Amino acid sequence: MTEISSVDSAVTTLLVHRVHRGDAPWWSHAVVCDVAGSVGDAEMAEVGGLLLDISRAGFSAILIRPARSDIALDGSALAGFATRAHRAGLKVLVRLSGARAPGDPEDAGGAFTDLEDGVSTLVVRARAALKAGADGIDLGIIDEGGPARDEADAGRFTHLVRILHAELADFDPMPILTAEALLGDESAFRRHLEEDWFHHLRDDALVTAPWEAGALRRRVRSSLSERDRLGQVAAWHWSHTRVVHDSSHVPEGSWEYGSSEARRTAMALYSLTLPGAAYVPFCHLGGRTHALPCASSAPGAREVDRYHRTWGASPQAAGEARLLARATRVRAERLMGTGSLAFVDGLSWAPPEVAVHICAGVMVVLNTSDAPVLVPAEHRLLLCSDASAAAAADEPTRIGPDACAWFDTARVQPAPVEVHD
1 MTEISSVDSA VTTLLVHRVH RGDAPWWSHA VVCDVAGSVG DAEMAEVGGL
51 LLDISRAGFS AILIRPARSD IALDGSALAG FATRAHRAGL KVLVRLSGAR
101 APGDPEDAGG AFTDLEDGVS TLVVRARAAL KAGADGIDLG IIDEGGPARD
151 EADAGRFTHL VRILHAELAD FDPMPILTAE ALLGDESAFR RHLEEDWFHH
201 LRDDALVTAP WEAGALRRRV RSSLSERDRL GQVAAWHWSH TRVVHDSSHV
251 PEGSWEYGSS EARRTAMALY SLTLPGAAYV PFCHLGGRTH ALPCASSAPG
301 AREVDRYHRT WGASPQAAGE ARLLARATRV RAERLMGTGS LAFVDGLSWA
351 PPEVAVHICA GVMVVLNTSD APVLVPAEHR LLLCSDASAA AAADEPTRIG
401 PDACAWFDTA RVQPAPVEVH D
C-alpha cells in the first residue's frame, strides 16, 4: 500500500485542454447511450419503454440503429420513438450504416446489413430519419474498404458527407453528423478529421489503449491536441464489447483483454471525466442485452435474431445505474464536458501506475497498479467505481486496484509568512 506524506514536493500540473467559455451546443458535452445492434419496430418500441430510466441516469442522447425497420417506406415507428425520447429530454441519433462491432454476428457481413443495402439508400434513409425527428445521423465505423481503397473512393466518401450535410441544413435546429474512424490508417483518419467534417468523429484511442496510466494519458492528450488544433470536439468511447459483455474477441494489449467488471466500470468513469462528448454502451452501466435465438432454421440464418434489453432489472444493474446517475450529475453540475483538463504529477501518494488529472475542479484518480492507493483526507470523495471505497472524517480514502474515483480537489493553502519590521 502506498504511504502518504503530509507534504508533496515538486507537484506539477500540465494543462492539456482549456476550458470552453460561453454557451456550448448540446452535442459538445453530450453523454450518449449507444444501443448497439440492429433493431426493428418491435425492439424500438421495447427500448422506447426504457427511455425515462435512461434519461434519469443522466444521458442527454440515445443512439439507435433501425436497420430492420423500413423507415424510408414507413417512418412511424421511428417517429414514435423520437417523440418519446424528446418527451424524456433525450436527443436521438440514428445510425444508418457501419457500426461493425467485432464479434457481433449481426454485423459480420460488413458495414451494411438488413435494409441498409448500400450507399445508394443511405441518403434516402437519412432524409427519412430526419423527417421522423432524428437530431443527428451516425455513420458508424467508416468502411475504408481495405488497403486497396484509392483516392477516387476517398473523394466519393467526401462527396457523400457533403450531401448529408446539405440534408441536415434543411432542418432547424440543424441535426448533427457523427461517425467513427480507426487510428490504424493514419492518413485516412487525418483526412476524415480535417476534410470530412463531423460534429463527433470518434476514434479507437481508448478502445485499444493498454491498462497503463502513462499510455492512457498519452492517448488522451493526443486526441485532445488533434481536435483542439482544428477547433473540434472530442468524442470518447472505450469498449470493443458493445452488444454483450464478451471480451473473447478483444485483441491482446487492449485494457479490455481479460478485464474484470471492476476494470470496465473504472474505465467508464474515467472516460466520463474527459472534456467533450461520451458514448456509453447501453450494456455497460445499468443496461443488459440478452440475445434471443433466431426463429428460422433455414440454412444461413442468423444465430441471433434479436435482442431483449432491460435497464436496472437486477440488483447489480440497478447499482450500476445509480453510480452512473451520480457520475453524470457531477459531470453536469461541474461542467466537466466543457471544462479544462490538467495532468497532475509529483504527488507523493500517487506512484506512476496511478493516473491523476483534474477536470473542472474534480480530481480523478485511476489506479492501474496492483496495489491500493491512499488519497489524503483533504480531498473529499465524490464517487468511486469501487463500492468499498469510503473514508471516515479526517481519514484517507483507500482506492483499490482497477478502480477510478472522483474527488473534490483540495484548495492549495498558502504557507504562512512571517513579517518582521
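The numbering of the sequence shown is our numbering, which starts it at 1 and goes up by one. The beta-carbon is built from N, C-alpha and C at its ideal position, and this holds for glycine as well. Just so we're clear, the structure is a prediction, and the values are computed from it rather than from any experiment.
- Beta-bridge partners of Ile-176 (DSSP): Gly-136.
- Taking a C-beta distance under 8 angstroms as the contact criterion, Asp-138 and Pro-175 do not qualify as a contact pair.
- Under DSSP, the beta-bridge partners assigned to Thr-310 are Arg-288.
- For a cut-off of 8 angstroms, the C-beta gap from Ile-71 to Leu-63 is around 15 angstroms, too long to register as a contact.
- Assigned with DSSP and collapsed to three states, Val-11 falls in coil, not helix or strand.
- A buried status is given to Asp-204, since no fewer than 16 other beta-carbon atoms sit within 10 Å of its beta-carbon.
- Cys-33 and Val-280 do touch by the CB rule: their CB atoms are close to 6 angstroms apart, below 8 angstroms.
- Here Tyr-279 carries a strand assignment [DSSP, helix/strand/coil].
- Distance between Asp-402 and Glu-212, taken at the CA atoms: about 10 angstroms.
- When the beta-carbon positions are compared, Thr-158 and Asp-196 come within less than 8 angstroms of each other.
- Residue pairing from DSSP leaves His-379 without any beta-bridge partner.
- Between the C-alpha atoms of Ser-28 and Gly-276 there is a straight-line separation of about 6 angstroms.
- Assignment of Arg-331 by DSSP, reduced to helix, strand and coil, places it in the helix class.
- For Asp-408, the pairing in a beta bridge is given by DSSP as Val-362 and Arg-380.
- Counting of Cβ neighbours within 10 angstroms places Ile-163 among the exposed residues, the total staying below 16.
- Spanning the alpha carbons of Ser-222 and Leu-73 requires a straight line of approximately 44 angstroms.
- Rounded to the nearest whole angstrom, the C-alpha separation of Cys-404 and His-199 is 29 angstroms.
- Assignment of beta-bridge partners to Ser-38 by DSSP yields Arg-65.
- By the Cβ test, the stretch 380-387 is in contact with the stretch 256-266, since at least three Cβ pairs between them sit closer than 8 angstroms.
- A residue is called buried when at least 16 other Cβ atoms come within 10 angstroms of its Cβ; Leu-206 meets this threshold and is buried.
- Judged by DSSP in its simplified three-state form, Arg-191 adopts helix.
- Excluding the 5 residues flanking it on each side, Arg-326 has same chain C-beta neighbours closer than 6 angstroms at Leu-383, in chain order.
- Where Arg-263 is concerned, the enclosing alpha helix (DSSP H) starts and stops at 261-271.
- With respect to Tyr-307, Gly-37 sits close: the two C-beta atoms are nearer than 8 angstroms.
- Assignment of beta-bridge partners to Val-32 by DSSP yields Ala-61 and Tyr-279.
- Taken through DSSP and simplified to helix, strand or coil, Thr-121 comes out as helix.
- Following the DSSP letters along the chain, one finds Arg-219 inside the alpha helix (DSSP H) bounded by residues 213-230.
- Distance from the CA atom of Val-35 to the CA atom of Asp-53, rounded to whole angstroms, is 14 angstroms.
- Residue burial is scored here from C-beta neighbours: Pro-66 has at least 16 other C-beta atoms within 10 angstroms and is therefore classed as buried.
- Put simply, the stretch 9-19 touches the stretch 331-350. At least three CB pairs are less than 8 angstroms apart.
- Cβ contact annotation for Ala-350 (same chain, cutoff 6 angstroms, sequence separation greater than five): Val-356, in chain order.
- Between the alpha carbons of Ala-181 and Arg-95 lies a gap of roughly 14 angstroms.
- Contact between Ala-377 and Pro-352 does not hold, since their C-beta atoms are separated by about 23 angstroms, which reaches or exceeds 8 angstroms.
- Counting only residues of its own chain and dropping the five nearest sequence neighbours on each side, Leu-366 has a CB closer than 6 angstroms to the CB of Tyr-270, Ala-355 and Cys-404.
- When Trp-238, Ser-348 and Arg-334 are compared, the shortest CA-CA separation from Val-11 is found for Ser-348.
- Taking C-beta atoms as the reference points, Ala-332 and Gly-40 fail to come closer than 8 angstroms.
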